[in-house]
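**Q**
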Amino acid sequence: MSSVRNPDFLIIGAGIIGLSIAFELKKQFTDASITIIEKEKQPGLHASGRNSGVLHAGFYYTADSLKAKLCRDGNLAWREYCQENDLTLNQCGKLVVARNEEELKGLDELYKRGQVNGVELKIISAVEATEIEPNINTCERALWSPTTSTINPIEVVNSIQKLIIDKGISILNDTAYIKKTNNKIITSKGDFETGYLINAAGLYADKIAKDYGFSEDYKILPFKGLYIYANDDGLKLKTNVYPVPDLHNPFLGVHFTVTAENKTKIGPTAIPAFWRENYSGLEQFNLKEMLGIACIDASLFLANNFGFRELAFKEMQKYSKKKLVELAGTLLKSINQKDFQKWGKPGIRAQLINIKTKQLEMDFKFEGDDKSFHVLNAVSPAFTCAFPFSEMMIDKVKSEVS
Ligand SMILES: Cc1cc2nc3c(=O)[nH]c(=O)nc-3n(C[C@H](O)[C@H](O)[C@H](O)COP(=O)(O)OP(=O)(O)OC[C@H]3O[C@@H](n4cnc5c(N)ncnc54)[C@H](O)[C@@H]3O)c2cc1C
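Position in the sequence shown (first residue = 1) + 10 = the working numbering.
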């Protein structure tokens, strides 16, 4: 039988949040032993390696939110990190367009939020918007965000991984957290006892938190993000193009991203997924999860608190490539269906829902005490925010343990 291992800090999950927390922990607890356990064969195989790769600027969020506090600084931190470490960075900006007069109100609201959050932004005329991207379709004016940029998320994950290994942090791949018994943590590769546990397990964070007496009011509800790429000889936009989103839910609406490598892609959708890792077909099928999720979906459908019924109907239609391209096409003067043939790798959002109020949690959410800390809602733009988010987490951990 293998002996029990005792790192000072044990982190579950090697996504961008687990890796960044390890990075910041080592800065502040230089002598501490830190181990990350990851159930997959390498870090970044879930949300952190399956996202849009956008460094958001920070203008979507109300000033009282953590997202507002962390996004602007996170955007700058990653841009500097990419430049210092020679990683791909496309500082191509973003245009938010209004498709009709009604959406102009939303556009102005985003501008106001951006101003309060200290984000560099400009309201520009439709003519000026056309000078940035000739194919743009906007009513009267648009919002220009020069600091929105794109990175290659897998490249970034790999770079952080190398950095923290060089600093003496262990990453144990193929090692899944299974359960906790008294002080012991049972994994698929032996037992651990730790001074402090940090749960950054993404889609499974709520389940692990429950073992520690947290996440009582919450469950993770998975939403699938599909992408479709323009052919190499097809549409090539000069900047990211987004609609005015429905500010009642945390999703940004179908948009165009210009990737770090200058490819144009449409997506992501926010389709309710049937189980947590329901990427495609019956891959990772889990009947118990499916039944649990179906119950939550049914209760949301009945309560319809945040327009879930309409959201679910609209999103399900986006399984159709034709529909997805057509919807994205409303942001442009012209689009050719034939330009879009290749589906990208889908991602799944680990969206937290409050099961008592039947509302989606809009902001980042975490819970913890002097023994463990649980990152429960690290949804978009958590990749962008990862560095300042981790600094804040560690301040909380320090205040819990002191
Ligand atoms: C479609 C989509 C688009 C997005 N676009 C953007 C964007 O453009 N910009 C942005 O800033 N953010 C974006 N996000 C959000 C961003 O990707 C996430 O906020 C971020 O990746 C969350 O990181 P994480 O480390 O918490 O989760 P994850 O990357 O999911 O990592 C969690 C890790 O925990 C591991 N794990 C789970 N259970 C166990 C267990 N029992 N034992 C051991 N390990 C376990 C998993 O294998 C996984 O590697 C997007 C997300 C999605 C899904």
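For each residue, glycine too, the CB sits at the ideal point set by N, CA and C.
(1) Do P253 and I358 have their CB atoms nearer than 7 Å?
(2) At the level of alpha carbons, what is the spacing between D405 and L117?
(3) Which same chain residues, not among the five before or five after C132, have their C-beta less than 6 Å away from its C-beta?
(4) The alpha helix (DSSP H) with N85 in it runs from where to where?
(5) What would DSSP say about Q351, mapped onto helix, strand or coil?
(6) Which whole-angstrom value describes the C-beta separation of F383 and N209, a residue pair presumed to lie in contact below a C-beta threshold of 8 Å?
(7) Is I281 near ligand 1 - that is, is its Cβ less than 6 Å away from at least one heavy atom of it?
(8) Within the chosen definition, does the stretch 365 to 372 reach the stretch 32 to 45 through at least 3 CB pairs nearer than 8 Å?
(9) Would you identify the three-state DSSP class for N145, choosing helix, strand or coil?
(10) Count the other CB atoms, across all protein chains shown, that sit within 10 Å of the CB of V251; report buried if there are 16 or more and exposed otherwise.
(11) Suppose the cutoff is 6 Å on Cβ atoms and the five residues either side in sequence are ignored; what does the same chain contact list for K190 look like?
(12) Inspect the CB distances between the stretch 176 to 187 and the stretch 49 to 60 and report whether three or more fall short of 8 Å.
(13) For V137, count neighbouring C-beta atoms within 10 Å of its own C-beta (all shown protein chains included) and say buried if the count is 16 or more, exposed if not.
(14) For G244, I'd like the list of residues in its chain whose CB is within less than 8 Å of its CB, leaving aside the five on either flank, ordered along the chain.
(15) Using 10 angstroms around the beta-carbon of P260, count the other beta-carbons present and answer buried if the total reaches 16, otherwise exposed.
(16) Considering only C-alpha positions, which residue in the set D380, E150, S62 and K199 is nearest to F224?
(17) Please report the Cβ distance between N85 and A73, rounded to the nearest whole angstrom; I am assuming they are in contact, meaning their Cβ atoms lie under 8 Å.
(18) What does the alpha-carbon distance come out to for the pair K331 and S390?
(19) Comparing the CB of A392 with every heavy atom of ligand 1, is any distance shorter than 6 Å?
(20) How many angstroms separate the CA atom of M11 from the CA atom of I174?
(21) Would you tell me roughly how many angstroms separate the C-alpha atoms of G317 and A338, rounded to the nearest one?
(22) Just to confirm, is the Cβ distance from G103 to A270 under 7 Å?
(23) Starting from N364 and walking both ways along the beta strand (DSSP E), at which residues does that stretch end?
(24) For T249, which residues from the same chain have a beta carbon less than 7 Å from its beta carbon, with the 5 sequence-adjacent residues on both sides left out?
(25) I'd like the ranges of any alpha helix (DSSP H) spanning at least 4 consecutive residues and lying wholly in the stretch 305 to 330.
(26) In chain order, what residues of the same chain lie with their CB nearer than 6 Å to the CB of Q294, ignoring the 5 residues before and after it?
(27) Closer than 6 Å: is that where the CB of N61 sits relative to any heavy atom of ligand 1?
(28) I need the boundaries of the beta strand (DSSP E) containing D201, first residue and last residue.
(29) Would you mind working out which of P17, T40, G291 and M402 sits nearest L182, comparing C-alpha positions?
(30) Are there 16 or more other CB atoms within 10 angstroms of the CB of Y329, so buried, or fewer, so exposed?
(31) Assuming L342 contacts I146 (C-beta within less than 8 Å), just tell me the rounded distance between them.
**A** Let me spell this out:
(1) no
(2) 35 Å
(3) Strictly speaking, residue 132 in this sequence is Lys, with Cys absent from that position. Cβ neighbours of K132 beyond the five flanking positions: W154.
(4) L76 to E94
(5) strand
(6) 7 Å
(7) no
(8) no
(9) coil
(10) buried
(11) D221
(12) yes
(13) exposed
(14) T274, N346, K348, D349 and F350
(15) buried
(16) D380
(17) About 17 Å; that fails the 8 Å criterion.
(18) 24 Å
(19) yes
(20) Low confidence applies to M11: its pLDDT is 49, below 50, so where it sits in the model is not reliable, and the reading given next is rough at best. The straight-line gap from Cα to Cα measures roughly 29 Å.
(21) 21 Å
(22) no
(23) G357 to N364
(24) C102, G103, K104, L105, I142, E143 and V268
(25) 318 to 326
(26) E287
(27) yes
(28) G200 to F202
(29) P17
(30) exposed
(31) 7 Å
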